[in-house]
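One rule links them: number in the numbering used here = place in the sequence shown (from 1) + 183. All residues carry an ideal CB built from backbone N, CA and C; glycine is no exception. Only one structure is covered here, and it is reproduced in the block below.
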Amino acid sequence: MTIAAFVLLPTSATAAEMTTMGATLPVYTVLPFVALLLAIALLPLSIPEWWDHNRNKGIVAAACAVPVVVYLIALWGHAGLAELLHTTRDYCSFLVLLASLFVITSGIYIRGSLSGTPLMNSALLLIGAACASVIGTTGASVLFIRPLLRANESRRARAHLVVFFIFMVSNCGGLLTPLGDPPLFLGFLNGVPFRWTLRLWPEWLMVNGILLVVAHVWDQVVLDREERERPGSQLEELMEHEPLRIDGRRNLFLLGAIIVIVYASGRGVGLGGRPWPFGWQEGLMAAAALASYFSTPDEYHVQNRFSFAPIVEVAVLFAGIFVTMGPALLILNARGGEFGLRQPWQLFWASGGLSSFLDNAPTYLTFAATAAGLKGVAAEGRYLAEFLGLGPDAEALLRAISVGSVCMGANSYIGNGPNFMVKAIAEHHGVRMPSFFGYMAYSVGILVPIFIAMTFLFFR
(Lines of atoms letter the chains of each structure in order from A and count residues from 1; the text may use other names and numbers.)
(Lines give C-alpha, C1' and ligand atoms only; values in the text may rest on other atoms or scores of the structure.)
Protein backbone atom coordinates (compact mmCIF):
# COMPACT_ATOMS: atom_id res chain seq x y z
CA MET A 1 0.00 0.00 0.00
CA THR A 2 2.80 2.43 0.74
CA ILE A 3 5.75 3.23 -1.44
CA ALA A 4 7.90 5.04 1.06
CA ALA A 5 6.96 2.63 3.80
CA PHE A 6 10.16 0.62 3.85
CA VAL A 7 12.48 2.88 1.89
CA LEU A 8 13.42 4.73 5.06
CA LEU A 9 14.54 1.96 7.41
CA PRO A 10 15.17 2.34 11.13
CA THR A 11 18.62 1.96 12.60
CA SER A 12 20.06 -1.54 12.78
CA ALA A 13 19.69 -1.62 16.56
CA THR A 14 16.03 -0.72 16.32
CA ALA A 15 15.54 -3.28 13.53
CA ALA A 16 17.05 -5.96 15.76
CA GLU A 17 14.73 -4.95 18.60
CA MET A 18 11.75 -5.16 16.28
CA THR A 19 12.78 -8.64 15.14
CA THR A 20 12.97 -9.74 18.77
CA MET A 21 9.60 -8.16 19.43
CA GLY A 22 8.00 -9.99 16.51
CA ALA A 23 9.44 -13.32 17.65
CA THR A 24 7.97 -12.97 21.14
CA LEU A 25 4.67 -11.16 20.53
CA PRO A 26 1.71 -13.36 21.50
CA VAL A 27 -0.78 -14.17 18.78
CA TYR A 28 -3.58 -12.42 20.66
CA THR A 29 -2.00 -9.05 19.84
CA VAL A 30 -3.59 -9.35 16.39
CA LEU A 31 -7.09 -9.38 17.90
CA PRO A 32 -7.56 -5.57 17.64
CA PHE A 33 -6.79 -5.85 13.93
CA VAL A 34 -9.34 -8.64 13.56
CA ALA A 35 -11.86 -6.58 15.54
CA LEU A 36 -11.37 -3.58 13.25
CA LEU A 37 -11.82 -5.74 10.15
CA LEU A 38 -15.05 -7.15 11.59
CA ALA A 39 -16.24 -3.63 12.41
CA ILE A 40 -15.58 -2.48 8.84
CA ALA A 41 -17.45 -5.54 7.58
CA LEU A 42 -20.43 -5.62 9.94
CA LEU A 43 -21.21 -2.10 11.18
CA PRO A 44 -22.27 -0.76 7.76
CA LEU A 45 -24.86 -3.55 7.72
CA SER A 46 -26.06 -3.37 11.33
CA ILE A 47 -26.02 0.40 12.01
CA PRO A 48 -25.55 2.05 8.60
CA GLU A 49 -26.69 5.56 9.57
CA TRP A 50 -24.31 5.69 12.53
CA TRP A 51 -21.43 4.28 10.48
CA ASP A 52 -21.92 6.85 7.71
CA HIS A 53 -20.29 9.55 9.87
CA ASN A 54 -16.51 9.68 9.66
CA ARG A 55 -16.40 10.73 13.30
CA ASN A 56 -17.91 7.41 14.32
CA LYS A 57 -15.51 5.53 12.07
CA GLY A 58 -12.74 7.38 13.90
CA ILE A 59 -14.14 6.31 17.27
CA VAL A 60 -14.10 2.65 16.22
CA ALA A 61 -10.61 2.92 14.71
CA ALA A 62 -9.29 4.58 17.87
CA ALA A 63 -10.97 2.02 20.13
CA CYS A 64 -9.12 -0.75 18.30
CA ALA A 65 -5.80 1.10 17.99
CA VAL A 66 -5.39 2.43 21.54
CA PRO A 67 -4.92 -1.03 23.16
CA VAL A 68 -2.12 -1.76 20.68
CA VAL A 69 -0.41 1.55 21.44
CA VAL A 70 -0.66 1.02 25.19
CA TYR A 71 0.55 -2.59 24.96
CA LEU A 72 3.61 -1.83 22.83
CA ILE A 73 4.75 1.12 24.92
CA ALA A 74 4.01 -0.48 28.31
CA LEU A 75 5.70 -3.81 27.60
CA TRP A 76 8.39 -2.85 25.10
CA GLY A 77 9.29 0.71 25.98
CA HIS A 78 11.75 2.20 23.48
CA ALA A 79 11.30 -0.62 20.95
CA GLY A 80 7.52 -0.31 21.12
CA LEU A 81 7.70 3.45 20.69
CA ALA A 82 10.10 3.04 17.76
CA GLU A 83 7.65 0.67 16.09
CA LEU A 84 4.79 3.14 16.56
CA LEU A 85 6.88 6.01 15.17
CA HIS A 86 7.80 3.84 12.19
CA THR A 87 4.12 3.05 11.68
CA THR A 88 3.22 6.75 11.91
CA ARG A 89 5.80 7.61 9.28
CA ASP A 90 4.53 4.86 6.98
CA TYR A 91 0.96 6.05 7.44
CA CYS A 92 1.88 9.66 6.66
CA SER A 93 3.70 8.62 3.48
CA PHE A 94 0.75 6.46 2.45
CA LEU A 95 -1.84 9.14 3.13
CA VAL A 96 0.07 11.99 1.48
CA LEU A 97 0.52 9.89 -1.67
CA LEU A 98 -3.18 8.97 -1.83
CA ALA A 99 -4.35 12.49 -0.98
CA SER A 100 -2.08 14.22 -3.48
CA LEU A 101 -3.17 11.91 -6.29
CA PHE A 102 -6.81 12.31 -5.24
CA VAL A 103 -6.61 16.11 -5.30
CA ILE A 104 -4.62 16.37 -8.54
CA THR A 105 -6.81 14.00 -10.53
CA SER A 106 -9.90 15.79 -9.22
CA GLY A 107 -8.77 18.73 -11.34
CA ILE A 108 -8.76 16.65 -14.54
CA TYR A 109 -12.11 16.50 -16.30
CA ILE A 110 -12.65 14.34 -19.39
CA ARG A 111 -15.33 16.14 -21.37
CA GLY A 112 -17.32 14.54 -24.16
CA SER A 113 -19.51 11.56 -24.93
CA LEU A 114 -18.79 8.65 -22.64
CA SER A 115 -21.76 6.33 -23.07
CA GLY A 116 -22.16 3.57 -20.53
CA THR A 117 -22.10 0.72 -23.02
CA PRO A 118 -20.28 -2.56 -22.33
CA LEU A 119 -17.80 -1.70 -25.10
CA MET A 120 -16.99 1.72 -23.64
CA ASN A 121 -16.76 0.33 -20.12
CA SER A 122 -14.43 -2.45 -21.26
CA ALA A 123 -12.27 0.12 -23.05
CA LEU A 124 -11.99 2.22 -19.88
CA LEU A 125 -11.08 -0.86 -17.82
CA LEU A 126 -8.43 -1.92 -20.32
CA ILE A 127 -6.89 1.55 -20.63
CA GLY A 128 -6.91 1.95 -16.85
CA ALA A 129 -5.25 -1.43 -16.32
CA ALA A 130 -2.55 -0.58 -18.86
CA CYS A 131 -1.92 2.82 -17.29
CA ALA A 132 -1.69 1.25 -13.82
CA SER A 133 1.76 -0.12 -14.64
CA VAL A 134 2.93 3.34 -15.75
CA ILE A 135 1.44 5.76 -13.23
CA GLY A 136 0.76 3.23 -10.47
CA THR A 137 -2.44 1.56 -9.37
CA THR A 138 -3.32 4.52 -7.15
CA GLY A 139 -2.76 7.10 -9.88
CA ALA A 140 -4.72 5.12 -12.45
CA SER A 141 -7.54 4.45 -9.98
CA VAL A 142 -8.19 8.06 -9.08
CA LEU A 143 -7.74 9.19 -12.69
CA PHE A 144 -10.17 6.75 -14.34
CA ILE A 145 -12.85 6.04 -11.74
CA ARG A 146 -14.71 9.32 -12.26
CA PRO A 147 -15.00 8.96 -16.07
CA LEU A 148 -16.30 5.42 -15.57
CA LEU A 149 -18.90 6.59 -13.07
CA ARG A 150 -19.94 9.53 -15.26
CA ALA A 151 -20.27 7.31 -18.34
CA ASN A 152 -22.69 5.07 -16.44
CA GLU A 153 -24.58 7.75 -14.55
CA SER A 154 -27.92 6.79 -16.12
CA ARG A 155 -27.43 3.09 -15.43
CA ARG A 156 -29.26 1.52 -12.50
CA ALA A 157 -26.68 -1.18 -11.73
CA ARG A 158 -23.13 0.15 -11.49
CA ALA A 159 -21.56 -1.62 -8.53
CA HIS A 160 -20.31 -4.53 -10.65
CA LEU A 161 -18.32 -2.09 -12.81
CA VAL A 162 -16.61 -0.60 -9.76
CA VAL A 163 -15.77 -4.08 -8.48
CA PHE A 164 -14.11 -5.03 -11.77
CA PHE A 165 -12.39 -1.64 -11.79
CA ILE A 166 -10.86 -2.43 -8.39
CA PHE A 167 -9.82 -5.87 -9.62
CA MET A 168 -8.11 -4.62 -12.78
CA VAL A 169 -7.07 -0.99 -12.37
CA SER A 170 -6.47 -0.81 -8.61
CA ASN A 171 -4.56 -4.09 -8.43
CA CYS A 172 -3.84 -6.54 -11.26
CA GLY A 173 -3.00 -3.88 -13.82
CA GLY A 174 0.07 -2.71 -11.90
CA LEU A 175 2.13 -5.85 -12.47
CA LEU A 176 4.45 -4.82 -15.30
CA THR A 177 6.77 -2.17 -13.83
CA PRO A 178 8.17 -1.27 -10.40
CA LEU A 179 6.08 1.92 -10.56
CA GLY A 180 2.90 -0.15 -10.80
CA ASP A 181 2.58 -1.26 -7.19
CA PRO A 182 4.64 -0.76 -3.99
CA PRO A 183 5.85 -4.38 -3.60
CA LEU A 184 7.45 -4.26 -7.04
CA PHE A 185 9.01 -0.89 -6.29
CA LEU A 186 10.55 -2.28 -3.12
CA GLY A 187 11.84 -5.24 -5.11
CA PHE A 188 13.46 -2.78 -7.50
CA LEU A 189 15.12 -0.96 -4.59
CA ASN A 190 16.45 -4.30 -3.34
CA GLY A 191 18.08 -5.29 -6.61
CA VAL A 192 15.39 -6.45 -9.04
CA PRO A 193 16.23 -4.98 -12.49
CA PHE A 194 13.71 -2.34 -13.60
CA ARG A 195 12.75 -4.28 -16.74
CA TRP A 196 12.52 -7.66 -15.00
CA THR A 197 8.85 -7.15 -14.12
CA LEU A 198 8.05 -6.96 -17.84
CA ARG A 199 8.60 -10.73 -17.78
CA LEU A 200 5.37 -10.97 -15.83
CA TRP A 201 3.38 -10.10 -18.97
CA PRO A 202 1.92 -13.63 -19.35
CA GLU A 203 0.44 -13.44 -15.84
CA TRP A 204 -0.72 -9.84 -16.47
CA LEU A 205 -2.34 -10.82 -19.76
CA MET A 206 -4.08 -13.86 -18.33
CA VAL A 207 -5.60 -12.29 -15.24
CA ASN A 208 -6.60 -9.01 -16.89
CA GLY A 209 -7.74 -10.72 -20.09
CA ILE A 210 -10.07 -13.08 -18.25
CA LEU A 211 -11.36 -10.27 -16.03
CA LEU A 212 -12.01 -8.08 -19.07
CA VAL A 213 -14.02 -10.79 -20.82
CA VAL A 214 -16.03 -11.60 -17.69
CA ALA A 215 -16.66 -7.89 -17.03
CA HIS A 216 -17.84 -7.33 -20.61
CA VAL A 217 -20.23 -10.30 -20.62
CA TRP A 218 -21.52 -9.44 -17.14
CA ASP A 219 -22.12 -5.82 -18.11
CA GLN A 220 -23.90 -6.82 -21.33
CA VAL A 221 -26.25 -9.11 -19.40
CA VAL A 222 -27.00 -6.35 -16.89
CA LEU A 223 -27.59 -3.78 -19.65
CA ASP A 224 -29.92 -6.14 -21.54
CA ARG A 225 -31.94 -6.64 -18.37
CA GLU A 226 -32.17 -2.88 -17.82
CA GLU A 227 -33.31 -2.39 -21.42
CA ARG A 228 -36.08 -4.95 -20.95
CA GLU A 229 -37.23 -3.17 -17.81
CA ARG A 230 -36.86 0.34 -19.29
CA PRO A 231 -36.96 0.17 -23.11
CA GLY A 232 -34.95 2.96 -24.74
CA SER A 233 -33.39 4.11 -21.47
CA GLN A 234 -29.91 4.21 -23.04
CA LEU A 235 -30.95 5.37 -26.52
CA GLU A 236 -30.81 9.12 -25.93
CA GLU A 237 -27.36 8.87 -24.36
CA LEU A 238 -26.03 6.74 -27.22
CA MET A 239 -27.34 9.19 -29.85
CA GLU A 240 -25.60 12.17 -28.25
CA HIS A 241 -22.09 12.82 -29.46
CA GLU A 242 -19.56 15.30 -28.14
CA PRO A 243 -15.86 15.04 -29.00
CA LEU A 244 -13.63 13.95 -26.14
CA ARG A 245 -11.52 16.66 -24.58
CA ILE A 246 -9.40 16.82 -21.44
CA ASP A 247 -9.84 19.91 -19.28
CA GLY A 248 -7.32 20.76 -16.56
CA ARG A 249 -4.37 19.46 -18.56
CA ARG A 250 -1.87 21.22 -16.31
CA ASN A 251 -2.77 18.65 -13.67
CA LEU A 252 -1.40 15.92 -15.94
CA PHE A 253 2.03 17.48 -15.47
CA LEU A 254 1.52 17.54 -11.70
CA LEU A 255 0.44 13.89 -11.86
CA GLY A 256 3.67 13.13 -13.69
CA ALA A 257 5.56 15.09 -11.06
CA ILE A 258 4.20 12.80 -8.33
CA ILE A 259 5.52 9.74 -10.18
CA VAL A 260 8.92 11.40 -10.64
CA ILE A 261 9.03 12.31 -6.92
CA VAL A 262 8.30 8.71 -5.91
CA TYR A 263 11.01 7.36 -8.20
CA ALA A 264 13.56 9.99 -7.20
CA SER A 265 12.91 9.41 -3.50
CA GLY A 266 13.39 5.67 -3.78
CA ARG A 267 16.56 6.03 -5.84
CA GLY A 268 18.04 8.69 -3.56
CA VAL A 269 18.40 11.23 -6.36
CA GLY A 270 20.47 14.16 -5.14
CA LEU A 271 21.86 12.28 -2.15
CA GLY A 272 24.18 9.86 -3.89
CA GLY A 273 21.72 6.97 -3.72
CA ARG A 274 20.88 7.42 -0.04
CA PRO A 275 17.14 7.50 0.73
CA TRP A 276 15.57 10.91 1.16
CA PRO A 277 14.92 11.96 4.76
CA PHE A 278 11.33 11.62 5.86
CA GLY A 279 9.39 14.72 4.86
CA TRP A 280 11.11 15.50 1.58
CA GLN A 281 8.87 13.31 -0.56
CA GLU A 282 5.80 14.13 1.48
CA GLY A 283 6.47 17.88 1.34
CA LEU A 284 6.93 17.90 -2.43
CA MET A 285 3.77 15.85 -2.94
CA ALA A 286 1.79 18.15 -0.66
CA ALA A 287 3.10 21.17 -2.57
CA ALA A 288 2.00 19.62 -5.88
CA ALA A 289 -1.45 18.89 -4.43
CA LEU A 290 -1.83 22.44 -3.11
CA ALA A 291 -0.72 23.88 -6.44
CA SER A 292 -3.33 21.77 -8.18
CA TYR A 293 -6.12 22.59 -5.75
CA PHE A 294 -5.66 26.36 -5.86
CA SER A 295 -4.95 26.61 -9.60
CA THR A 296 -7.82 24.40 -10.79
CA PRO A 297 -10.99 26.30 -11.77
CA ASP A 298 -13.93 25.55 -9.51
CA GLU A 299 -15.87 24.41 -12.57
CA TYR A 300 -13.76 21.27 -12.93
CA HIS A 301 -14.14 20.38 -9.25
CA VAL A 302 -17.91 20.82 -9.50
CA GLN A 303 -18.11 18.68 -12.63
CA ASN A 304 -16.10 15.95 -10.90
CA ARG A 305 -18.29 16.25 -7.77
CA PHE A 306 -15.13 16.87 -5.80
CA SER A 307 -15.31 16.47 -2.04
CA PHE A 308 -12.73 15.67 0.61
CA ALA A 309 -15.14 13.15 2.19
CA PRO A 310 -13.72 10.05 0.43
CA ILE A 311 -10.11 10.79 1.38
CA VAL A 312 -11.14 11.67 4.94
CA GLU A 313 -12.85 8.27 5.25
CA VAL A 314 -9.70 6.55 4.01
CA ALA A 315 -7.53 8.58 6.39
CA VAL A 316 -9.66 7.75 9.43
CA LEU A 317 -9.98 4.02 8.86
CA PHE A 318 -6.44 3.41 7.70
CA ALA A 319 -5.04 5.21 10.74
CA GLY A 320 -6.54 2.40 12.79
CA ILE A 321 -5.56 -0.27 10.26
CA PHE A 322 -1.90 0.78 10.21
CA VAL A 323 -1.62 0.70 14.01
CA THR A 324 -3.53 -2.53 14.59
CA MET A 325 -1.83 -4.50 11.83
CA GLY A 326 1.59 -3.64 13.28
CA PRO A 327 1.81 -6.72 15.55
CA ALA A 328 0.68 -8.99 12.69
CA LEU A 329 3.44 -7.64 10.43
CA LEU A 330 6.06 -7.96 13.18
CA ILE A 331 5.07 -11.58 13.81
CA LEU A 332 5.09 -12.34 10.09
CA ASN A 333 8.49 -10.73 9.57
CA ALA A 334 10.07 -12.57 12.51
CA ARG A 335 8.49 -15.99 11.91
CA GLY A 336 7.97 -16.06 8.14
CA GLY A 337 10.76 -18.61 7.73
CA GLU A 338 8.91 -21.05 9.99
CA PHE A 339 6.11 -21.57 7.46
CA GLY A 340 8.05 -24.22 5.51
CA LEU A 341 7.32 -22.59 2.15
CA ARG A 342 9.61 -23.84 -0.61
CA GLN A 343 7.59 -24.16 -3.82
CA PRO A 344 6.45 -21.29 -6.09
CA TRP A 345 2.78 -22.17 -5.68
CA GLN A 346 3.13 -22.11 -1.89
CA LEU A 347 4.74 -18.67 -1.96
CA PHE A 348 2.11 -17.44 -4.44
CA TRP A 349 -0.77 -18.29 -2.12
CA ALA A 350 1.01 -17.36 1.12
CA SER A 351 2.12 -13.92 -0.06
CA GLY A 352 -1.20 -13.34 -1.80
CA GLY A 353 -3.36 -14.55 1.06
CA LEU A 354 -1.65 -12.27 3.55
CA SER A 355 -1.58 -9.36 1.07
CA SER A 356 -5.37 -9.64 0.90
CA PHE A 357 -5.58 -8.13 4.39
CA LEU A 358 -2.11 -6.85 5.34
CA ASP A 359 0.17 -4.25 3.76
CA ASN A 360 1.42 -6.00 0.64
CA ALA A 361 4.76 -4.16 0.65
CA PRO A 362 6.25 -5.69 3.82
CA THR A 363 4.54 -8.99 2.99
CA TYR A 364 6.44 -9.05 -0.31
CA LEU A 365 9.73 -8.24 1.42
CA THR A 366 9.20 -10.91 4.05
CA PHE A 367 8.61 -13.68 1.53
CA ALA A 368 11.32 -12.39 -0.82
CA ALA A 369 13.80 -12.62 2.06
CA THR A 370 12.47 -16.09 2.91
CA ALA A 371 12.93 -17.24 -0.70
CA ALA A 372 16.44 -15.77 -0.83
CA GLY A 373 17.29 -17.60 2.37
CA LEU A 374 16.27 -20.89 0.78
CA LYS A 375 19.03 -20.32 -1.78
CA GLY A 376 21.60 -19.16 0.78
CA VAL A 377 21.39 -15.46 -0.12
CA ALA A 378 21.47 -13.06 2.84
CA ALA A 379 18.80 -10.34 2.79
CA GLU A 380 21.29 -7.47 2.74
CA GLY A 381 21.72 -4.60 0.31
CA ARG A 382 20.55 -5.29 -3.24
CA TYR A 383 20.29 -8.99 -2.48
CA LEU A 384 17.53 -9.75 -4.97
CA ALA A 385 19.92 -9.11 -7.87
CA GLU A 386 22.17 -11.88 -6.54
CA PHE A 387 19.12 -14.06 -5.92
CA LEU A 388 17.82 -13.72 -9.49
CA GLY A 389 21.31 -14.49 -10.77
CA LEU A 390 20.97 -18.01 -9.38
CA GLY A 391 18.82 -19.08 -12.31
CA PRO A 392 15.27 -20.15 -13.26
CA ASP A 393 14.41 -21.75 -9.92
CA ALA A 394 15.06 -18.51 -8.04
CA GLU A 395 13.21 -16.47 -10.64
CA ALA A 396 10.19 -18.76 -10.37
CA LEU A 397 10.00 -18.11 -6.63
CA LEU A 398 10.14 -14.32 -7.05
CA ARG A 399 7.59 -14.39 -9.87
CA ALA A 400 5.17 -16.20 -7.58
CA ILE A 401 5.71 -13.74 -4.74
CA SER A 402 5.37 -10.73 -7.04
CA VAL A 403 2.15 -11.90 -8.69
CA GLY A 404 0.60 -13.01 -5.40
CA SER A 405 1.43 -9.80 -3.54
CA VAL A 406 0.11 -7.54 -6.31
CA CYS A 407 -2.91 -9.38 -7.68
CA MET A 408 -4.37 -10.77 -4.47
CA GLY A 409 -4.54 -7.30 -2.99
CA ALA A 410 -7.83 -7.25 -4.91
CA ASN A 411 -9.35 -9.89 -2.63
CA SER A 412 -10.69 -7.40 -0.08
CA TYR A 413 -11.42 -3.70 0.29
CA ILE A 414 -8.35 -3.25 2.49
CA GLY A 415 -5.96 -5.37 0.42
CA ASN A 416 -4.58 -2.31 -1.36
CA GLY A 417 -4.86 1.40 -0.63
CA PRO A 418 -6.74 2.39 -3.80
CA ASN A 419 -9.47 -0.20 -3.19
CA PHE A 420 -11.12 1.59 -0.32
CA MET A 421 -10.69 5.01 -1.91
CA VAL A 422 -12.37 3.85 -5.13
CA LYS A 423 -15.22 2.44 -3.03
CA ALA A 424 -15.56 5.75 -1.18
CA ILE A 425 -15.55 7.79 -4.42
CA ALA A 426 -18.17 5.49 -5.95
CA GLU A 427 -20.42 5.79 -2.91
CA HIS A 428 -20.00 9.58 -3.01
CA HIS A 429 -21.33 9.39 -6.59
CA GLY A 430 -24.40 7.47 -5.45
CA VAL A 431 -23.27 3.91 -6.20
CA ARG A 432 -24.49 1.37 -3.66
CA MET A 433 -21.36 -0.70 -3.17
CA PRO A 434 -21.25 -4.24 -1.74
CA SER A 435 -20.45 -4.71 1.93
CA PHE A 436 -17.02 -5.97 3.02
CA PHE A 437 -18.13 -9.59 2.80
CA GLY A 438 -20.28 -8.86 -0.24
CA TYR A 439 -17.21 -7.63 -2.08
CA MET A 440 -15.31 -10.75 -1.01
CA ALA A 441 -18.10 -12.86 -2.51
CA TYR A 442 -17.18 -11.28 -5.85
CA SER A 443 -13.47 -11.88 -5.30
CA VAL A 444 -13.92 -15.49 -4.17
CA GLY A 445 -16.27 -16.25 -7.04
CA ILE A 446 -14.29 -14.49 -9.78
CA LEU A 447 -10.67 -13.99 -8.74
CA VAL A 448 -9.98 -17.19 -6.82
CA PRO A 449 -10.79 -19.49 -9.78
CA ILE A 450 -8.45 -17.38 -11.93
CA PHE A 451 -5.71 -17.65 -9.30
CA ILE A 452 -6.21 -21.42 -9.13
CA ALA A 453 -5.81 -21.64 -12.90
CA MET A 454 -2.70 -19.45 -12.72
CA THR A 455 -1.28 -21.77 -10.07
CA PHE A 456 -1.39 -24.77 -12.40
CA LEU A 457 -0.28 -22.79 -15.44
CA PHE A 458 2.58 -20.75 -13.99
CA PHE A 459 3.56 -21.89 -10.50
CA ARG A 460 3.50 -25.71 -10.45
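- A straight line joining the alpha-carbon of Val605 with that of Leu225 spans about 20 Å.
- Straight across, the Cα-Cα distance linking Trp233 with Asn239 is about 7 Å.
- CA-to-CA, the gap between Leu394 and Arg565 works out to about 35 Å.
- Residues of the same chain with a CB within less than 6 Å of the CB of Gly290, apart from the 5 flanking positions on each side, are Gly431, Asn434, Ser475, Thr479 and Tyr483 in chain order.
- The continuous beta strand (DSSP E) containing Tyr292 extends over residues Tyr292 to Arg294.
- For Asp430, DSSP records a beta bridge to Tyr292.
- Pro527 is positioned such that its CB atom lies no closer than 9 Å to that of Arg378.
- Within its own chain, the residues whose Cβ lies closer than 8 Å to the Cβ of Ser595, once the five positions on either side in sequence are excluded, are Ser539, Phe540, Asn602, Phe619, Tyr622, Met623 and Ser626, listed in chain order.
- Residues Leu359 and Thr360 of the same chain have their beta carbon placed closer than 8 Å to that of Leu381, with the five preceding and five following residues left out of the count.
- Less than 9 Å divides the Cβ of Ser324 from the Cβ of Ile349.
- Under the DSSP assignment, Lys606 falls in the alpha helix (DSSP H) whose first and last residues are Gly600 to His611.
- In the three-state reduction of the DSSP assignment, Gln529 falls in the helix class.
- Sequence-distant Cβ neighbours of Gly456 in its own chain, meaning closer than 8 Å and more than five residues away, are Arg450.
- Counting along the chain, Arg411 sits inside the alpha helix (DSSP H) bounded by residues Trp384 to Glu412.
- Apart from the 5 residues on each side of it in sequence, Asn335 sits with its Cβ closer than 8 Å to the Cβ of Gly299, Asn304, Arg341 and Leu344 in its chain, given in chain order.
- Met623: member of the alpha helix (DSSP H) spanning Phe619 to Tyr625, first to last residue.
- Taking all protein chains shown into account, Thr553 has 16 or more neighbouring C-beta atoms within 10 Å of its C-beta and is therefore buried.
- Apart from sequence neighbours up to five positions away, the residues of its chain that approach Glu610 with a beta-carbon distance below 6 Å are Met616, ordered along the chain.
- The residue among Phe634, Gly559, Ala607 and Leu406 with its C-alpha nearest the C-alpha of Gly535 is Phe634.
- Going by beta carbons, Gly503 and Leu228 fall outside the 9 Å limit.
- Restricted to the region 449-518, the alpha helix (DSSP H) segments that are unbroken, complete and at least 4 residues in length are 463-478, 481-486, 492-507 and 509-518, listed in chain order.
- In the three-state reduction of the DSSP assignment, Leu580 falls in the helix class, which pools H, G and I.
- Contact check between the region 511-522 and the region 573-589: fewer than three CB pairs, one atom from each, fall below 8 Å, which does not count as touching.
- Positions of the alpha helix (DSSP H) runs, each at least 4 residues long and wholly inside the region 197-246, are given as 214-229 and 231-234 in order along the chain.
- Across the structure, Ala607 and Ile494 are spaced so that their CA atoms are roughly 8 Å apart.
- In the three-state reduction of the DSSP assignment, Val445 falls in the helix class, which pools H, G and I.
- Taking one beta carbon from each stretch, the region 583-594 and the region 466-474 have fewer than 3 pairs nearer than 8 Å; the two do not touch.
- Annotated three-state conformation of Gly572 is coil, per DSSP.
- Between Ala244 and the set Ile223, Tyr254, Pro426 and Leu537, the nearest pair of CA atoms involves Ile223.
- The count of Cβ pairs closer than 8 Å, one atom from the region 400-413 and one from the region 437-453, stays below three, leaving the stretches out of contact.
- DSSP places Asp542 outside both helix and strand once states are collapsed to three, so it counts as coil.
- Sixteen is the threshold: since fewer than 16 other Cβ atoms of the shown chains lie within 10 Å of the Cβ of His236, the residue is exposed.
- For a cut-off of 8 Å, the C-beta gap from Leu297 to Val497 is around 26 Å, too long to register as a contact.
- Counting along the chain, Thr380 sits inside no alpha helix (DSSP H), nor does DSSP assign it H or E at all.
- Take Met508, set aside five residues on each side of it, and the residues of its chain with a beta-carbon closer than 7 Å to its own are Phe216, Leu541 and Asp542, in chain order.
- Ser337 carries a coil assignment under DSSP once its states are collapsed to helix, strand and coil.
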